[in-house]
Every structure is written in C-alpha cells, then in structure tokens.
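Chains as they are written, first to last, in my numbering: chain P, 64 to 225; chain Y, 64 to 225.
Note that beta-carbon positions come from the ideal geometry of N, C-alpha and C, so glycine has one too.
What you are looking at is a predicted structure, and each value in this text was computed from that prediction instead of being measured.
Step one of this worksheet: look at the structure below.
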DNA sequence: CGAAGATTTCAAGTATTTCTGAAATGACCA
DNA sequence: TGGTCATTTCAGAAATACTTGAAATCTTCG
C-alpha cells in the first residue's frame, strides 16, 4: 500500500499483508512473505500496534504471538487521521505558541504587528482544525462516520456542474 | 513550519518565510535569509508554485522574479489537502484497480473471494474519500469552508462528555 | 543579434532514514 | 531453577532523499 502514508514502506507492506490476508500471522510468516529481517518485522509490527491498526492475538497452546489487522476501513482511517494529526499538527502548534509567547517583549513596531497577525491567523486556524479533528477521531461516538454522512449529503445536494 | 508536512524541510521553511514576511521576495532574498544554495531555493520555490501556495510577482522595471505566499489560511489548507490527496490516494487507488482487474482470471476458490471482498471494501472506501475530498478541494464553490461550518455545528451540538 | 542578468538543471556529495543480524532480554514450562 | 524458544534492541550497513554549485538555458534590452 502506498509508501507515502507518513509511514515507512515496510510498515505499509506489513499492514497490507495482514489486512488482505485477514488471518492472524506470526512474525515468521511476515518475515517469509515479505523477505524482511526479524528485527524489521518486529519493529514494524510494534509500530502498527502503536498506530492501533493491528492487534496481538494469542493462540492457546502456542507460545508465539500472532497479529491481525483491524478489518473495518473506518477504524483504519480514523487511526491514521488520529496519528497524523498528532504527528503533524501538534508539534507545529507547539512551535507557534512558543513563538507567540516569546514575541511579547521588545519595542514593537508596525511590521512586527503585521507579522503577529499572520502568525495568529495561522495559529487560530490550526487550533480549529485540531479541535474538529479530535472530535471525529475520538474512539467513542458517531465521530467520523457522522461527518462523512454530512459531507456526502452536501455533495449530493449540490447537483452537477454549476 | 513543521517538517512533517509531506514536503521537505527547506520547502516548508521557504513557505514559512514568505507567509510570515507577507512581502514578495526574490530568490536571492530567500537564499540569504535561509542560507541555502541557489539551486535549492529555485527548486523549492518552483515546488511551492506547483502546490499553488506561492505565486510569482513581477515588479515593473525589474527583471527578477519575486514570490509571495498565499495569505488566506483556508486556501493554503485546501491546496495542501488537494496535493496530498493526489499524491497519496490516487496512486493507491490506481494500484487497487490494477489488482482488481488482474484478479478476474484463474480458478477462484473460497479464500480468494474473501480477499477480493477486503480489497473491494478498501477500494470503495477510498473512492468515497476521494470523491468527498475532491468536492471540497475544488477551486470554486463554498467547498471546504462550508464543510467546516457543518463540522463545527456538529461539534457544538454534541454537548459535553456523554 | 549579442551581452547581461536571471533561472533551471543535474551530477556529485552530504545527510537522513531504514534495514539487517546477532546479542540481549523476556516468557514459559518441566 | 535451568533450558528452550520467542521477542526486542541496537550498532553498523544499505538505501533514500536532499543539497550544492557550476554549467546550460532562457529572457530581456540595447
């Protein structure tokens, strides 16, 4: 699956394998199917666990760990959005806040005020995006699904080309 | 600005410089401010033009090209979403279609059918996401802004913790 | 047309990320 | 408790991605 998902190629391959196969596979299965090293398989699986799109499964009478991928595409999508919001927006907002706090000191002239205005426009916007995103990404509630219904409704009601 | 935007660090820096400064700057300004090579500056600016978040400005009586960043945060966001949909979802969907076309040949057994079902679930989902995304990313129409109003309304009407 | 100045391209170098494989750690059972 | 098998870690190797700088190309003006 696309390598440009904000995750490494191998991680994407491992997820694709688990999702498509539908089964739970153990580390050795993954290594063999994808021809990757044990360490790589282990790290990729752990990362997928952290993303919440893969879960560990124990088989009775077997000491190995097995892994299976979440099968609901909505859950997968939510997990991906959640993780990417966290990784991409949060650090950016943190930096913007830091800058804002630092800026309230010296002799402020006209152009500094204009700069601040632009930074604030960006900050406010990203805070709004984060707030909306968090709402739909939260594990409980109608969340993203409801959002999509609304968006689809808008799409349908707009008719053809204007 | 965050380096994890799906674009390179330098490109992000160039955009941040142009956005924050508010002015139009020429290649040499960018090189000097960010201490980067001419080639790098040129390539980054071109990429930003491709993304549609920076535009070329000509000053009469001056042969140099000047560049200025889009100032409307909504437009910036739309451009980023548009480009990322194109780069991340489109290739993925293309692969899925290719697989689907290839799969309709040999002796199909039970597990092959199950695999196809999963691939189709994913394909359908991504097509839906693309369709909704395209609608809101399209240059004309209320687009994303309307979407956000709707999403905000939902957010507000949900009240506090259930 | 030709010179001057600006931009783009690209091979080579540098930096960053990812992968490997073996050693260390952990888990279970007799 | 010690042995066996599975998992995790991590330093170095390999693969990617980014940057540079100079040559090639393009544009404008005299």
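Does the separation of the CB atoms of residue 132 (chain P) and residue 81 (chain P) fall below 7 Å?
Cβ distance < 7 Å, so residue 132 (chain P) and residue 81 (chain P) count as in contact.
Under 8 Å, with one C-beta from each stretch per pair, do the region 92-99 of chain P and the region 134-142 of chain P reach the 3-pair mark?
Segments in contact, no.
Hey, how far is the Cα of residue 137 (chain Y) from the Cα of residue 71 (chain P)?
A direct Cα-to-Cα measurement between residue 137 (chain Y) and residue 71 (chain P) gives close to 30 Å.
Any C-beta of chain Y under 7 Å from that of residue 85 (chain P)
Using a Cβ-Cβ cut-off of 7 Å, residue 85 (chain P) counts as an interface residue toward chain Y, since at least one Cβ of chain Y sits closer than that to its own.
Along chain P, which residues have their Cβ under 8 Å away from the Cβ of residue 82 (chain Y)?
181, 185, listed in chain order.
Is the beta carbon of residue 189 (chain Y) closer than 7 Å to that of residue 148 (chain Y)?
Result no, Cβ atoms of residue 148 (chain Y) and residue 189 (chain Y) do not sit closer than 7 Å.
Excluding the five sequence neighbours on either side, which residues of its own chain have a C-beta within less than 8 Å of the C-beta of residue 83 (chain Y), listed in chain order?
Excluding its 5 nearest sequence neighbours in each direction, residue 83 (chain Y) has no C-beta neighbour in its own chain below 8 Å.
Taking the C-alpha atoms as reference points, what is the distance between residue 201 (chain P) and residue 130 (chain P)?
Going by C-alpha positions, residue 201 (chain P) is about 24 Å away from residue 130 (chain P).
Can you give the Cα-Cα distance for residue 128 (chain Y) and residue 78 (chain Y), rounded to whole angstroms?
Residue 128 (chain Y) and residue 78 (chain Y) have their C-alpha atoms spaced approximately 16 Å apart.
Does any residue of chain P bring its CB to less than 7 Å from the CB of residue 93 (chain Y)?
Not one chain P Cβ lies under 7 Å of residue 93 (chain Y).
Is it true that the CB of residue 85 (chain Y) sits closer than 7 Å to the CB of residue 110 (chain P)?
Taking 7 Å as the cut-off, the Cβ atoms of residue 110 (chain P) and residue 85 (chain Y) do not count as close.
Suppose you measure from the CA of residue 116 (chain P) to the CA of residue 119 (chain Y); what does that come to, to the nearest Å?
Computed Cα separation, rounded: 43 Å.
Do residue 100 (chain P) and residue 73 (chain P) have their C-beta atoms within less than 7 Å of each other?
Not closer than 7 Å, so no.
Let me confirm a value: residue 155 (chain P) is counted as buried when at least 16 other C-beta atoms fall within 10 Å, else exposed. Which label applies?
So residue 155 (chain P) counts as buried.
Within-7 Å CB hit, residue 74 (chain P) to chain Y
False, the Cβ-Cβ gap to chain Y never drops below 7 Å.
Could you list which residues in chain Y have their beta carbon closer than 8 Å to that of residue 188 (chain P), in chain order?
Scanning chain Y for C-beta atoms nearer than 8 Å to the C-beta of residue 188 (chain P) yields 136, 137, 140, reported in chain order.
Residue-chain proximity (residue 77 (chain P), chain Y), Cβ-Cβ < 7 Å:
No, residue 77 (chain P) lies away from the interface with chain Y (no Cβ there is under 7 Å from its Cβ).
Under 9 Å between beta-carbons, which chain P residues line up against residue 295 (chain Y)? List them in chain order, please.
No information on residue 295 (chain Y) is available, as it lies outside the stretch 64 to 225 that chain Y covers here.
Looking at residue 159 (chain Y) and residue 193 (chain Y), is the spacing between their C-beta atoms short of 7 Å?
No, the pair does not count as a contact, with Cβ atoms beyond the cut-off.
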